[in-house]
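Protein chains: 2
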Amino acid sequence: MNKVTVKINGEEDYIVNIGSDLLKDAGSIISEVHAPCRVAYITDFTVGAHYTATVVDSLKDAGFEVFIFAFPAGESSKNMETYEKILEFLADNEITRSDLIVELGGGVVGDLAGFAAATYMRGIDYVQIPTSLLAMVDSSVGGKTSIDLESGKNLCGAFHQPISVICSVDTLETLEKKYFDDGVAEIIKYGMLGNEKILKILHSCVENHDNLYFALKPFLSEIVEESISTKLNFVKSDVYDNGKRQFLNLGHTIGHAIEHASRYAIPHGHAVAVGMCSIARAGEKMNITEEGTANNVTALIRACGLPTSTIISPVDLYNSALSDKKRRGGEISLVIPVKFGECEIKKFKIDELKNILTLGVK
Amino acid sequence: MNKVTVKINGEEDYIVNIGSDLLKDAGSIISEVHAPCRVAYITDFTVGAHYTATVVDSLKDAGFEVFIFAFPAGESSKNMETYEKILEFLADNEITRSDLIVELGGGVVGDLAGFAAATYMRGIDYVQIPTSLLAMVDSSVGGKTSIDLESGKNLCGAFHQPISVICSVDTLETLEKKYFDDGVAEIIKYGMLGNEKILKILHSCVENHDNLYFALKPFLSEIVEESISTKLNFVKSDVYDNGKRQFLNLGHTIGHAIEHASRYAIPHGHAVAVGMCSIARAGEKMNITEEGTANNVTALIRACGLPTSTIISPVDLYNSALSDKKRRGGEISLVIPVKFGECEIKKFKIDELKNILTLGVK
């Protein structure tokens, strides 16, 4: 088992435990950071069916009293209604400030249970057991929790750090291919932000594979650890999302526009993959990006089975980007690759984005 | 206008502005701490009817664009439904992270709008304009925001500091007498915790008055300032509610039990008033409290027109106290006056509370 200690300015440290077959040890891992107490275990029906028995038995063996809450899998559950149900469940089972939430699942479960933990009694402790690659390499660092509003995704939430994270990479075996690929896009991003080990593993695995999961399987613990370390490097000292953390948005401005314009039919990682290719192409045409970078990025992303371009028009993408309510004033910061493994943040007037989107389209 | 700077460990400082007739200057006061932006102005129908025009005009004059959200007054609005409506209102009006919430009202408006500010886009700035005495002297320091669940009051919330507070004491003129008295109970508490100026003003005003509000009127700015300074003294370095801040619970353990047992028919301040008398009486009988203290406390509280005892039985109060889900383990900390102006925190086994309640009953 590998451990990454997450130290973020002004927040309590916690450990991300990474390895295979860790779920049966969840109870003992958690008992290292929390005394026996009442545990609200939160999961979705789909992933919960695979792993709940193992985790709950392990928690009980370690002396925790467990109360189980499960809800239907999928983004459509990530709303005010499920949030309220979780809160009432916590209250009905007399969970107090000295008790614990343990969540097992992908991003939806993590975001929901994390937001409940952030706000129930103004904040109680929680443990993340991410079971999707994206949740392992992205959600496990940064403390972002959220739910969707009618008006848009992730518009309501809080920053709340877990007290422990358990990444058991064997759980990725039950993950649907498109969700696995979603996580791979994020891993490629960490490579492009400078993690050479990740790039090396990816390049060695992606050629001539029949199934990306099986090709990457021997390296998953290392990939997850390297990804978390890279993200941590950008998030540290910047937990409130203002400065260096912006590098993590590589591919995300265009990616979010693609997701939005497709009404979320295109999954996050697929959209980010296209976003990374597009910004590299536009960067080359603006003489910011070293020649050949776009080709290299595109080749890697294509080899991972992810898309490299979109049929959505630059005008539609521009309108989607404008409607993103997080946009601050009339300027936009874009993360642009200078070369493979090195990026820069550049500010543009919002109307310059239309031109950049046109340059990046293919 | 008096100013108290609220500096709490690890949080941004902000100023509480205290004076009379400040609402017409709200815009210029706020423009000192926030650039012109979109403002979501949140209030309730009752208090909003008195002051909205003045505040909104002042905000517009200072260059803010204002969007108004109002809801029915009263605790029954402090729920998930109103919270969700506020969030959707913010999104519909394209409030971003660089915009602002300004709330005007008593505790319910402050708690709701503050929780929305704490969680919309994971936290945006907000300004409090408290119009009840309790909100001025209590909610303006500490950053507590919350909503009620079906299962209990204030079970969901967050800590979120305002960027500015405007206490315009003339707004207390439209406050119902029982709500004004509610605030007075909290002020007496600050006196008992050691603020001699407050005690002096109260003692000089409460004798031979026909109307407590008019008797206290010339001193309201001073009382609010002194109360806030006293609260601040206990909250500083302890924003997460663990140590010294516990002194602020004087009268509140029994007070909460009274509120709960009466199903909230007895208002907060009235219950706290009885709680302070009860714990002083019990303290004397346990030889913790100086003889005569209970009589002095009771006399002051009675002179303010607040109740000093309850007809609810000690057994019912005990059961209500037990059902308080915030109770940590088998112990309870009680704040007990040693003498007028000095208190101590003592730990008791939870079952000793029944005896203490019996000793305190009258």
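Here the protein sequences line up with chains R and C, keeping their order. Counting in the numbering used here, the first sequence runs without a single skipped number right up to 372 at its last residue. Counting in the numbering used here, the second sequence runs without a single skipped number right up to 372 at its last residue. Heads up, the beta-carbon is just placed ideally off N, CA and C, and yes, glycines get one too.
C-alpha gap between residue i and residue j, whole angstroms
i	j	result
T320 of chain R	N365 of chain R	16 Å
V137 of chain C	K241 of chain C	19 Å
V66 of chain R	A83 of chain R	19 Å
G116 of chain R	T141 of chain R	5 Å
T155 of chain R	V57 of chain R	19 Å
Y93 of chain C	N297 of chain C	47 Å
I322 of chain R	N164 of chain R	23 Å
S231 of chain R	I28 of chain R	6 Å
N305 of chain R	L212 of chain R	16 Å
F55 of chain R	V119 of chain R	10 Å
I268 of chain C	S30 of chain R	53 Å
M286 of chain R	K372 of chain R	12 Å
A195 of chain C	T53 of chain C	25 Å
K387 of chain R	I176 of chain R	What the structure shows of chain R is the stretch from 11 to 372, and residue 387 of chain R is not part of that stretch, so it cannot be assessed.
I311 of chain R	K357 of chain R	26 Å
F229 of chain C	T318 of chain C	24 Å
V43 of chain R	A225 of chain C	55 Å
N329 of chain R	E160 of chain R	19 Å
T303 of chain R	E206 of chain R	15 Å
H60 of chain C	L222 of chain C	22 Å
E22 of chain R	K188 of chain R	34 Å
A80 of chain C	G153 of chain R	32 Å
Residue range of the unbroken alpha helix (DSSP H) whose run includes residue i
i	result
E269 of chain R	262–271
I366 of chain R	362–370
F24 of chain C	It should be noted that the sequence gives Tyr, not Phe, for residue 24 of chain C. Run containing Y24 of chain C: none in the alpha helix (DSSP H); it sits in the beta strand (DSSP E), 24–29.
E94 of chain C	90–102
V245 of chain R	230–245
S142 of chain R	Taken as a continuous stretch (DSSP letters only), S142 of chain R belongs to no alpha helix (DSSP H), as it is neither H nor E.
E113 of chain R	Unbroken run through E113 of chain R is the beta strand (DSSP E), 110–115; no alpha helix (DSSP H).
D158 of chain C	Looking at the DSSP string, D158 of chain C is not in any alpha helix (DSSP H); the run it does join, the beta strand (DSSP E), is 154–159.
V216 of chain C	206–216
L222 of chain R	222–226
Endpoints, the beta strand (DSSP E) within which residue i is located
i	result
R48 of chain R	48–54
V43 of chain C	Neither: V43 of chain C is in no beta strand (DSSP E) and is coded neither H nor E.
L177 of chain C	Residue identity differs from the one stated: residue 177 of chain C is Cys in this sequence, not Leu. Start and end: 174–178.
K359 of chain R	352–359
L165 of chain R	162–169
N12 of chain R	12–16
Residue i in three-state terms, based on DSSP
i	result
G124 of chain R	helix
S288 of chain C	helix
A72 of chain C	coil
I198 of chain C	helix
S83 of chain C	The residue you asked about is not Ser; residue 83 of chain C is Ala in the sequence shown. If DSSP states are grouped into helix, strand and coil, A83 of chain C belongs with coil.
K349 of chain R	strand
I311 of chain C	helix
A275 of chain C	coil
T64 of chain C	helix
E21 of chain C	coil
I321 of chain R	coil
S343 of chain R	strand
Okay, do the region 14–31 of chain R and the region 82–101 of chain R touch, 3+ Cβ pairs below 8 Å being the bar?
no
Is it a yes or a no for the region 44–52 of chain C touching the region 108–115 of chain C, going by three-plus beta-carbon pairs under 8 Å?
yes
Can at least three beta-carbon pairs, one atom from the region 21–37 of chain R and one from the region 66–79 of chain R, be found at a separation below 8 Å?
yes
Taking three-plus beta-carbon pairs below 8 Å as touching, is the region 283–293 of chain R in contact with the region 346–359 of chain R?
yes
At a cut of 8 Å, does the region 181–190 of chain C reach the region 146–160 of chain R through at least three beta carbon pairs?
no
At a cut of 8 Å, does the region 272–279 of chain C reach the region 349–364 of chain C through at least three beta carbon pairs?
no
Decide yes or no for the touch test of the region 223–239 of chain C against the region 261–269 of chain C: beta carbon pairs closer than 8 Å, at least 3 of them.
no
Do the region 127–136 of chain C and the region 167–176 of chain R make contact, defined as three or more Cβ pairs closer than 8 Å?
yes
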